[in-house]
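Take a look at the structure set out below.
There are 2 protein chains.
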Amino acid sequence: MRFTSERRLDDGVLERDFTLGDVPGILWTPGAAAPHAPTPLILAGHNGGLHKRESRLVARARRSAAAYGYAVAAIDAPGHGDRPRPAGEEQVRADLRRAKEAGEPIEEILDALVVPLVERAVPEWRATVDALLSLPEIGGPVGYSGMTAIGIRLAVVEPRIVAAGFFAGGFVPRALRGQARQVTVPLLFLLQWDDEGNDRQQALDLFDTFGSKEKTLHANLGGHTGTPWFEVDDGNRFFDRHLR
Amino acid sequence: MRFTSERRLDDGVLERDFTLGDVPGILWTPGAAAPHAPTPLILAGHNGGLHKRESRLVARARRSAAAYGYAVAAIDAPGHGDRPRPAGEEQVRADLRRAKEAGEPIEEILDALVVPLVERAVPEWRATVDALLSLPEIGGPVGYSGMTAIGIRLAVVEPRIVAAGFFAGGFVPRALRGQARQVTVPLLFLLQWDDEGNDRQQALDLFDTFGSKEKTLHANLGGHTGTPWFEVDDGNRFFDRHLR
Numbered sequence: 001m002r003f004t005s006e007r008r009l010d011d012g013v014l015e016r017d018f019t020l021g022d023v024p025g026i027l028w029t030p031g032a033a034a035p036h037a038p039t040p041l042i043l044a045g046h047n048g049g050l051h052k053r054e055s056r057l058v059a060r061a062r063r064s065a066a067a068y069g070y071a072v073a074a075i076d077a078p079g080h081g082d083r084p085r086p087a088g089e090e091q092v093r094a095d096l097r098r099a100k101e102a103g104e105p106i107e108e109i110l111d112a113l114v115v116p117l118v119e120r121a122v123p124e125w126r127a128t129v130d131a132l133l134s135l136p137e138i139g140g141p142v143g144y145s146g147m148t149a150i151g152i153r154l155a156v157v158e159p160r161i162v163a164a165g166f167f168a169g170g171f172v173p174r175a176l177r178g179q180a181r182q183v184t185v186p187l188l189f190l191l192q193w194d195d196e197g198n199d200r201q202q203a204l205d206l207f208d209t210f211g212s213k214e215k216t217l218h219a220n221l222g223g224h225t226g227t228p229w230f231e232v233d234d235g236n237r238f239f240d241r242h243l244r
Numbered sequence: 001m002r003f004t005s006e007r008r009l010d011d012g013v014l015e016r017d018f019t020l021g022d023v024p025g026i027l028w029t030p031g032a033a034a035p036h037a038p039t040p041l042i043l044a045g046h047n048g049g050l051h052k053r054e055s056r057l058v059a060r061a062r063r064s065a066a067a068y069g070y071a072v073a074a075i076d077a078p079g080h081g082d083r084p085r086p087a088g089e090e091q092v093r094a095d096l097r098r099a100k101e102a103g104e105p106i107e108e109i110l111d112a113l114v115v116p117l118v119e120r121a122v123p124e125w126r127a128t129v130d131a132l133l134s135l136p137e138i139g140g141p142v143g144y145s146g147m148t149a150i151g152i153r154l155a156v157v158e159p160r161i162v163a164a165g166f167f168a169g170g171f172v173p174r175a176l177r178g179q180a181r182q183v184t185v186p187l188l189f190l191l192q193w194d195d196e197g198n199d200r201q202q203a204l205d206l207f208d209t210f211g212s213k214e215k216t217l218h219a220n221l222g223g224h225t226g227t228p229w230f231e232v233d234d235g236n237r238f239f240d241r242h243l244r
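Heads up: the sequence lines are chains A and B, in that order. Position 220 (the first sequence) corresponds to 220 in the UniProt record's numbering; numbering is contiguous. Position 36 (the second sequence) corresponds to 36 in the UniProt record's numbering; numbering is contiguous.
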């Protein structure tokens with residue numbers, strides 16, 4: 001892991017760009033000498049289509065660091081942000097546009113986009129956890145917050161993840177929905193009730209399927225990007241219950 | 001309104017028994033000189049079958065007063081707690097037991113219990129609000145927290161209710177479900193995912209129906225009485241957003 005730049009932000013948070021192999025990422029750590037040492041780590045697993053510098057992701061990460069004392073890390077998923085698109089993905093995306101316009105089923109095409117993304121992203125997240133936990137200022141434990149598809153697989157294979165917040169507003173391939181019962185860590189599942197790109201019943205079924213003994217659903221009125229800001233604080237308090 | 005006894009509890013909260021006509025109630029107010037003056041009021045509308053001194057209700061009320069600075073009031077619903085059963089109710093309850101044992105539909109019988117309860121309870125709550133807001137130590141605004149059936153009707157007819165938390169674990173007569181669209185105050189709807197006495201789909205449909213522009217569903221794994229304690233704090237923070 002190599003830090004390539006750093007900035008002290010006006011909320012006191014230290015923001016550092018890093019690279020780990022060819023994966024670029026950002027680490028936010030609390031400004032003041034942490035009252036919460038050792039500092040737990042939250043992996044900010046944004047949606048596949050978004051950049052690690054997406055403004056809502058950054059605002060949430062800074063809040064978690066500044067007000068709750070967490071270290072927060074984001075990395076660009078394969079083919080997103082600063083990373084080159086995988087070979088063949090342009091073709092799949094063109095197929096997706098065409099199928100949408102024609103009103104044809106798109107689940108198989110989405111599978112062809114998201115399954116490889118998850119397969120590549122999960123080992124990158126695990127390597128990122130290895131590197132971050134070797135830093136003296138980060139002690140763990142580790143929580144994951146973000147995209148459901150990557151989160152399911154990561155929670156199944158990575159025992160250092162002790163709690164997870166999943167955002168229900170993204171496509172989850174059938175193969176990963178089938179693994180939801182293997183997710184057993186405490187879970188906060190966040191659903192936008194009128195998400196235009198998400199099947200509400202499928203999200204409720206997924207919540208029902210997760211194997212976690214402690215799981216909570218938060219649903220709010222509104223569309224995909226309308227999650228109220230108070231859910232950021234609810235999410236941090238969820239992590240406070242499980243990472244402290 | 002007549003106060004009949006008072007106690008200073010070990011969390012500093014002042015707990016006072018009162019009667020208003022033939023309605024017995026309890027008022028909890030914050031111990032310390034309130035940092036939140038004027039003190040808002042939360043109506044603790046427990047489930048129809050429970051006493052105002054039911055231990056979980058009391059624990060929640062004391063937490064709202066001690067940690068969040070609210071005045072909280074509970075009254076016994078008609079026919080519950082210290083109040084005599086209405087004439088004929090024993091017969092309806094016997095009908096209910098018989099229908100349950102026989103596996104017959106019970107919705108009409110539950111309607112015969114709950115509709116009159118709501119019709120009597122709502123004016124009593126409104127008179128209680130009148131009396132409590134006339135006390136110098138209570139300033140409003142007013143929130144309601146508790147049983148959904150009474151809550152829907154109260155939120156529809158009582159403009160002083162500015163936010164409501166409903167517990168989905170009780171029977172809601174069809175006539176009241178039909179009024180849910182008229183509920184427009186910010187809403188926190190609390191559902192136990194595996195509530196043995198409650199139809200999950202009907203609860204989700206009810207959440208969908210409420211007319212509130214700002215509404216949030218919190219669902220937790222477990223049965224009717226298994227609501228996790230952290231929901232008490234979530235509920236108080238919901239009121240903080242709307243009563244302060």
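Beta carbons are placed, not taken as given, at the ideal position from N, Cα and C, and that holds for glycine.
Thinking residue 294/A and ALA65/A are a contact (beta carbons under 8 Å), I'd like their distance in whole angstroms, please. Only positions 1 to 244 of chain A appear in this structure, which leaves residue 294/A out of reach.
Inter-residue CB distance, HIS218/B and HIS218/A (contact presumed, cutoff 8 Å): 6 Å
Sheet register partners of VAL218/B (DSSP bridge): Note that residue 218/B is His in the sequence shown, not Val. HIS218/B is bridged to HIS218/A and LEU190/B.
Does the beta carbon of ARG241/B sit closer than 8 Å to a beta carbon anywhere in chain A? yes
Counting only runs of 3+ residues fully inside the region 66-139 of chain A, write out the beta strand (DSSP E) ranges in chain order. 71-75
Which partner residues of VAL172/B appear in the DSSP bridge assignment? Answer is none; VAL172/B lacks a bridge partner.
Between ARG244/A, TRP229/A and PRO86/A, which lies nearest to ARG56/A when the distance is taken from Cα to Cα? Comparing Cα-Cα distances from ARG56/A to each of ARG244/A, TRP229/A and PRO86/A, the minimum goes to TRP229/A.
Do you know offhand how far ASP233/A's Cα is from GLU214/A's? 19 Å
Taking the alpha-carbon positions, what's the GLN201/A to PRO136/A distance? 44 Å
Beta-carbon proximity of LEU176/A to ALA149/A, cut-off 8 Å: LEU176/A places its beta carbon less than 8 Å from that of ALA149/A.
Please check if any C-beta of chain A sits within less than 8 Å of the C-beta of LEU217/B. yes
Minimum Cβ-Cβ distance from PHE230/B to chain A less than 8 Å: At a cut-off of 8 Å between C-beta atoms, PHE230/B counts as an interface residue with respect to chain A.
Please confirm whether LEU221/B has its beta-carbon closer than 8 Å to some beta-carbon of chain A. yes
Quick test of the definition: if touching needs 3 or more C-beta pairs under 8 Å, does the region 153-173 of chain B touch the region 130-145 of chain B? yes
Mind checking which residues open and close the alpha helix (DSSP H) that includes ALA149/B? 148-157
Own chain, CB closer than 8 Å to ALA32/B, minus 5 neighbours either side, in chain order: GLY12
Assuming residue 245/B contacts ASN220/B (C-beta within less than 8 Å), just tell me the rounded distance between them. In this structure chain B extends from 1 to 244, so residue 245/B is not present and cannot be described.
What first and last residue would you give for the beta strand (DSSP E) that runs through GLY226/A? Here GLY226/A belongs to no beta strand (DSSP E), and DSSP marks it neither H nor E.
Give me the Cα-Cα distance between GLY235/B and ARG181/A, rounded to the nearest whole angstrom. Between GLY235/B and ARG181/A, the C-alpha separation is close to 29 Å.
Indicate whether the contact test is met: 3 or more Cβ pairs, each with one atom in the region 95-111 of chain B and one in the region 121-137 of chain B, closer than 8 Å. no
Is it right to say PHE3/B is buried, meaning 16 or more other beta carbons lie within 10 angstroms of its own, or is it exposed? exposed
Residues of chain A with CB under 7 Å from GLU214/B, in chain order? Think of a sphere of 7 Å around the beta carbon of GLU214/B: the chain A residues whose beta carbon falls inside it are LEU221, in chain order.
Whose Cβ in chain A lies nearer than 7 Å to the Cβ of ASP205/B? In chain order: nothing, as chain A lies at least about 12 Å away.
Tell me which residues share the same chain as ASP111/A and place their Cβ nearer than 6 Å to its Cβ, disregarding the 5 neighbours each side in the sequence. PRO173
Quick one: using the 10 Å Cβ neighbour count with 16 as the cut-off for buried, is GLU15/B buried or exposed? buried
Could you tell me the alpha carbon to alpha carbon distance between GLU196/B and GLY226/B, rounded to whole angstroms? 11 Å
Could you pull out every residue in the same chain whose Cβ sits closer than 6 Å to the Cβ of LEU187/A, ignoring the five residues on either side in sequence? ALA164, PHE210, SER212 and LYS215
Since ASP11/B meets chain A, which of its residues come closer than 7 Å, beta carbon to beta carbon? Ordered by position in chain A, no residue passes the 7 Å Cβ test against ASP11/B, which lies about 21 Å from the chain.
Taking Cβ positions only, does ASP195/B come closer than 8 Å to chain A? So, not an interface residue.
So LEU206/B is in the alpha helix (DSSP H); what residue range does that whole segment cover? It spans 200-209 - the alpha helix (DSSP H) in which LEU206/B sits, taken as one unbroken run.
Once DSSP output is grouped into helix, strand and coil, what is the label at GLY143/A? DSSP, read as helix, strand or coil, puts GLY143/A in strand.
How many Å lie between PRO40/B and ALA61/B at the Cα? 13 Å
Cross-chain neighbours of ASP199/B in chain A, by beta carbon under 7 Å: Within chain A, no residue comes near ASP199/B; the closest Cβ sits about 14 Å away, beyond 7 Å.
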